[in-house]
Amino acid sequence: MEQLLKEIKLLSQKEPKTLEQMALKLSEEVGETSQAVLSYIKASGSEYKQLGIGDVKEECINVILVALAMFYKLSENDKELHQLISKKLDKWERKFS
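Here the sequence shown is numbered in the numbering used here, starting from 7 and rising by one per residue.
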């Protein structure tokens, strides 16, 4: 996983989009994920796209990649990334306790 994060960080440094453009791209990717889910569950009006679980997974990865690229646009500190993820995981876990 560390190697993947290193690669994402390197590619993020080459990303020409501004932070605002990346935020819009993230919204676009979230929308595409929603479309894939609607098609996968054969929601009314969405089944014609014939998207499957693989498409949903790929769109989820697109969301993750853009979100990480945005983070690396703001900070190249992997320790900070790990700390923030741990903090959010702890908060998420407390919701289930």
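Ideal Cβ placement from N, Cα and C applies to all residues, glycine included.
Point to revise | Neighbourhood of Lys31 by C-beta, 7 Å cutoff - its chain only, sequence neighbours within 5 removed | key: Here the set comprises Lys23 and Val72.
Review point. So, using beta-carbon positions, are Gly37 and Tyr46 closer together than 8 Å?
Key: Not in contact: Gly37 and Tyr46 (Cβ atoms no closer than 8 Å).
Check your understanding: Counting along the chain, where does the alpha helix (DSSP H) carrying Tyr78 start and finish?
Key -> For Tyr78, the enclosing alpha helix (DSSP H) covers residues Ile59 to Leu80.
Check your understanding: Considering only residues of the same chain and omitting the five flanking positions on each side of Lys79, which have a CB-CB separation below 8 Å?
Key -> Cβ within range, chain order: Ser18, Glu21, Leu25 and Met28.
Practice item. Compute the Euclidean distance between the alpha carbons of Lys15 and Asn83, then round it to the nearest angstrom. Key: Here the C-alpha atom of Lys15 lies approximately 10 Å from the C-alpha atom of Asn83.
Check your understanding: For Ala49 versus Val62, is the C-beta distance shorter than 8 Å?
Key -> Not a contact, by the Cβ cut-off of 8 Å.
Point to revise | Per-residue burial, Glu35 [other beta carbons within 10 Å of its own, 16 or more giving buried] | key: Label assigned to Glu35: buried.
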